[in-house]
Amino acid sequence: MAEKMKFSFSYICVFLILCLWSEVNAKCVMRGECYEVGGFAKICPVDEEASSLFDGLDEEEMEQTLAIVRRRCPHILLDDEGNEKEFRDVMTCCDHKQLEKMADNLLMADGVLGRCPSCVRNFARQICEMNCSPDQDRFVEVVRIEYGTNDTAYVNEANYRVHEDFMLGAYTACSGVLVPQTGLPAINMMCGNAPVCDAQAWFSFTGDTATNPLAPVQINFLKTTTEYNSMNAPILPCNESYLDDVPCSCIDCMAQCPVGNEPIIPERCTVLSVDCIAFSVGLVFLILSIAIFAFMAVSRSDIKVTDSKQNEKVIRPNIMTRLFESVFSHIGSMASTHHLLMIMITTWIVFGMSFGVMNLKISSKPLELWSEPESRSRHELEYFNSRFGPFYRAAQVFLTINKEPFEVDGNIYGPAFRFEAIEELVSLENEILNIGRDTGGVTLEQVCYAPLRVRGGEQRLDQCVSMSAVTYLGGQLNNETYLNSIQNCLNNFYSFDCLASWGGGAEPEITFGGYEDNVYDANTLLINFPIANHLLEENLAPVLEWELRLIELLQEYEMNRKPDFIDLAYGAERSIEDEIERVSVAEAVPIAISYVLMFAYVTVALGNVRNCKTWLIDSKVTVAVGSILVVVAAVFCGMGVMGYAQVTLTLLAINVIPFFVLSVGIDNVFLMVNTLHDIENNLKSYSDYNENFSFNRKRKFIFMKMMGKVGPSIFVTAITQITCFAIGTLTNFPAVRSFAIFATFSMGFLFIFQITTVIAILSMNYKRESQNRIDIVCCIQKKILNDDDPLHSEAPYESITKRLMEPYAKFLLRWRVKFIVAVLFMVMVFCSVLMIPGLEVGLDQELALPRDSYVYKYLQAVNNLMKIGPPVFFIVKGGLNYSNVDHQNVICGGQLCHEDSLATQIFLSVQHSDITYMAKSSNSWLDDFFDWSGLYGACCKYNTTDGSFCSSVDLSPECQYCQIERNEWANGLRPGHEAFNRYIPFFLNDAPTEICNKGGLASYFNNVIYVLDSEGHATVLDSNFMAFHSTLVTSQDYISAVYYGYEISENITKAIKNHTGLDIEVFPYSVFYVYYEQYLTMWRDAFMSLGFCILGAFVFNLLASGFNFLTTICVIFTTVLILLNLMGVMYIWNIPLNAVSLINLIVAIAIGVEFCSHIGHAFATSNAPRSDRVEDAIKKVGSTIITGITFTNIPVIVLAFSYTEIIEVFFFRMFFSLVILGFIHGMIFFPVLLSYANNLTQSNKKKPITPNVQEPIAKQTECEDPDVEVKHL
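Letter by letter, the sequence shown follows residues 0 to 1272 in numbering that gives the first Met the number 0.
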């Protein structure tokens, strides 16, 4: 044991001796400047011990050197215990001239990294250690010495061994520092063309003379893990500060950020993957409804013992119903008697409306169609445009390269980096740049977005903003160097070599596409041309012309000259509008086919043809044509009203509304025709009928009875539909609102024309049939209808569907069948309620376009290939005093700014981009101005003769650097009050340069609104801060982005209020907000609209039924079930909830009432005994519901083959589902529900009946179940 201790002690002694020896023998390997090459001073190679830094300096030099050391290399002045040494003991391997040069060079690092003092100190430390450390030879090794004139030796290459702890620590401290202009890490500007900007790449670039034009000597940074031969100075983390340094901000150091501000998404309560509330509501409804129906089935209140049907009291219609019947009877009498007058009045009305149609405004502009003029986002759009001008128009080209990745120097590159791909990109971009030059048309410089162009100044092409990989090439395409040039700019697209002639750079996210995380995997090249936007139509004319020429060029290129390895997608701002207009015209084809099929069906089905020999008489082609013309007239008059009211319409509405109006209008014609046949076949059953009536009197009588029967139900359905569409006008979408207004007026005219003009047409047709005249060719009369059977030629005809109604009714109204039907429908509703919360909200714009459209392909490319989403601006309205430190702190993101400042809140939201959809932090003109004003001797210059602005690169003798007064707050971190107001215009007019990359002309000139006083001092009014959303693909992505954009802005507004006491509004603006803001309240708006529609339907049904609560409640309950089941179908068939589908849901209420109200009215007015009224109602109007409502809408299937998904999804899928659901509810569930309700009221009013004991067998009534044995005493 003693020997081991002795050995250990000896080892320690030897180690200490070696350390002391190395300390004593520490030497310098380079010191001082001895030669100059290419404007760079070269360091002298030496082999000597460190000497005193301050020896031989005069007092002024000593003060300057001491100030530099205290600021840049304070550790040189300290001993091991942290005490300041005597000046004579400060030993270094550098002289004061080296220190001065080093301090000047570090100004650039201040401009890049200066937002975080800890980062700058670490960066400066490694430079100080390399140049000035007294034991320099321990980690610096001169590799190459070269000789100049007079054999002057100088160091041209050296190795610098840095311990990995220091290298990684310094990198970590600086990795969070952002460039406010771009929102990118600042160290990206200091990594050169390295594929990955890691610690090694960052340090290596500092001393790489090949890629860093400011490196005087080639320094090879070698990362090591051994301490004895490497530089391993202590690291200062970014959340710590040195002495009086101001701490780094949250934006530049995540460790400084507040904790607990993460956005929280509330967990959704689910039961078996179903929403808890929906499950609870659906289950309670299912249990209660089945229990009620089971009780009614078990009570078997529909089994009655009576002596005969005559013992049951016949229910007479109430006074309100009789009033409606009387009104419509008189209308029928008048219209059938004065049929020519009715037709003439209709034609006069149509003629009068034709002038309105001439003034009709038809639009395909997305903003006019899908943005509410009074919405918040629309007002914010208008505010943004009025202050900063309209956001530029986008013209983009995507070149997807269908080739394999390749390898160069061990690095893998995606197909987009292939030379032939870049070559094709350059060629195509040159063609675009030359649009209009040979033909004398509009050229790019006349319409481009040029932020550096002075208003009214010369229009030059080099001022136009363009973003593509071509920008990175510097105008030269060389197969040997192009990859290095691109790599150089991908890390720092704002470096001087990467700046375009217009003053900015091309961001990699909008230059390359088709990759996940690593841009070097990209397979797509992008060309971006922002085009100037204007508010006035006349100013947009040349822009629209240039965009049209661009599209024509790209279409010709794709068809004739595109290489096979390229897949092309492109679009301009006008593209969507052009395609919507083109497709709207093309959609007329399938819609016209459906019209033809509907017309053909109506022509055949209306006839009630008894046999082939009577076909020419029984057919009603004239009635069908006349009825369709009436529908067309109603739609035409609706268009006329829209024209007079100057309400903008869309071609889509003009295509679809006639289809809907026709389907609704024809069923009433079927109802009228079938009722006429019933009345005519049963004239003798009417007590007020006289067989001696003249023809005119008989016709008048028949039409009075017909309108008395069907008029109230037509009124109920029509007024319900009109009410529903009127409520649909409350929607936030102008296109849908105009659709609803158009439908409201069209349905109103249709109702008026149907109870007048259609009656007139039927009256004329009745006369034709009575005189046995052939349809269409009325001049030909047939004396005997059926030559083979003249005695029975006048026999009444009953259609197949009519004959099937009686057995169908008997089967449906059996108590077992009724209960099964009720249970099945309740289960259906239960399932629908479970699915409704899963409905997606939104409207993908691709749905409005056919899949073969170039715009559809372009939108898919934007969604799937671009790696960054649309820009979003956070606008701060005027009211803040930006020269006030307290007001600055609520906006800025740098040092000492508030933790809830605007810039910080946006930065924190970016850290949770998966929730907030914010991808890149906002640029901040305020933070960049602080940095710009603090870079003395680099940026701010003024004209000494008049005090005006000079550019930072202006070398005129009268232009001198500014002496910017600093604010006493925070050790002069920011400019003083007067200096702020004086120099903010200088900053906004200064272009970024290699020395001063903080100039705000390119990035911020249009982002800050200020006014100048008489002394040239500025007062900032409104300003904006631009960030970027993440890639947005689905409607839900866009809606969530809008939601969090508003949430962030509201939090910023609250923070400003809390810190300053001022009510300063902050709001977000992006180009898509005006289209998607409405979806934030979609569910609320939907339920409100549907609720109002149901309430209106209830009121009008109650009124028209003479306050018959029984039928009204049954009608509305069934309609609600149709609505809920349709929403369930929407979930199954992937139909999202939006304004278009909401209109269809409103239509579902109207159609639901249509399917139910006719049976309901027939039930309420039936003269059959109470127990037979449901069966009687089915027999009377059931066939009409099948032939007149259901089959009439079958041609909607044609819409499944439409060009666009918006027609196929929202009109075929929904309308087809609605017809099926309406039919099964109206013909199956509603009669069952009505029967149960009727039995309940009947059992409540039934009195005990004493059986007649003399009759051995009781008669079985029609409503009794034949399966039930009835016993008598």
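All C-beta atoms in this analysis are idealised placements derived from N, C-alpha and C, irrespective of residue type, glycine included.
Here the structure is a predicted model, which means the values were calculated and not measured.
Note on geometry: alpha-carbon atoms of Ile75 and Asn82 lie some 11 Å from one another. In the same chain as Ile565, and ignoring 5 residues on each side of it, the C-beta atoms closer than 8 Å to its own belong to Leu398, Thr399, Ile400, Asn401, Ala420 and Glu423, in chain order. Residue pairing by DSSP leaves Ala1149 without any beta bridge partner. Following the DSSP letters along the chain, one finds Arg375 inside the alpha helix (DSSP H) bounded by residues Arg375 to Phe387.
By the Cβ rule, the stretch 1120-1139 does not count as touching the stretch 337-347, because fewer than three pairs are nearer than 8 Å. Tyr1009 is bridged by DSSP to Val1019. Counting other Cβ atoms within 10 Å of its Cβ, Ile1177 reaches 16 or more and is therefore classed as buried. For Val630, the closest C-alpha among the options Tyr594, Arg120, Asn219 and Ala644 is that of Tyr594. Listed in chain order, the non-local C-beta contacts of Phe1229 below 8 Å within the same chain comprise Cys1113, Val1114, Thr1117, Phe1154, Cys1155, Ile1158 and Gly1159, local neighbours out to five positions each way being set aside. Here the alpha carbon of Thr64 sits roughly 14 Å from the alpha carbon of Met90. In this structure, Phe1024 is the residue among Thr225, Ser50, Phe1024 and Thr1189 with its C-alpha nearest to the C-alpha of Lys876.
In this chain, the beta strand (DSSP E) harbouring Leu567 covers Ile565 to Ala571.
For Asn883, same chain residues with a beta-carbon under 7 Å away, outside a window of 5 residues either side, do not exist. Per DSSP, Arg1212 lies in no beta strand (DSSP E) segment and is marked neither H nor E.
C-alpha of Leu451 to C-alpha of Gln462: approximately 7 Å in a straight line. Two segments are said to touch when three or more pairs of C-beta atoms, one from each, lie closer than 8 Å; by this definition the stretch 1181-1192 does not touch the stretch 1163-1172. Bridge pairing for Ile411: Glu406 [DSSP]. Between the stretch 836-854 and the stretch 1003-1021, the count of C-beta pairs closer than 8 Å stays below three; the two stretches do not touch. In the DSSP assignment, Asp251 falls outside any beta strand (DSSP E), carrying neither H nor E. For Ser132, the CB contacts under 7 Å within the same chain, skipping 5 residues up- and downstream, are Cys92 in chain order. Contact check for Glu580 and Leu650: beta-carbon distance about 7 Å, within the 8 Å limit, so the pair qualifies.
Assigned with DSSP and collapsed to three states, Ile434 falls in coil, not helix or strand. Here Lys222 is bridged, per DSSP, to Val161. Membership of Lys919 in the beta strand (DSSP E) is indicated by the continuous run Met917 to Lys919. Taking a contact to require three or more Cβ pairs closer than 8 Å, the stretch 752-760 and the stretch 327-337 qualify as touching. By alpha-carbon distance to Thr224, the top candidate from Phe138, Val668 and Asp251 is Phe138. Secondary-structure assignment with DSSP links Arg143 through a beta bridge to Glu156.
Where Leu761 is concerned, the enclosing alpha helix (DSSP H) starts and stops at Ile758 to Ser769.
By the criterion of a C-beta distance shorter than 7 Å, Met319 is surrounded in its chain by Gly1105 and Phe1106, once the five residues flanking it on both sides are discounted. Here Phe492 has Gly504, Ala505, Glu506 and Pro507 as same chain residues with Cβ atoms under 7 Å from its own Cβ, once five neighbours each way along the sequence are excluded. When Val68, Trp201 and Cys256 are compared, the shortest CA-CA separation from Ile905 is found for Cys256.
Taking the Cα of Asn1192 as reference, the smallest distance to any Cα among Asp1175, Gly878 and Ile1219 is reached at Ile1219.
Secondary structure at Ser947: coil, using DSSP grouped into helix, strand and coil. Considering only Arg802, Thr944 and Tyr34, the residue with the shortest C-alpha distance to Gln959 is Thr944. Here DSSP, grouped into helix, strand and coil, assigns Val273 to strand. Judged by DSSP secondary structure, Leu524 falls within the beta strand (DSSP E) whose first and last residues are Thr523 to Asn527.
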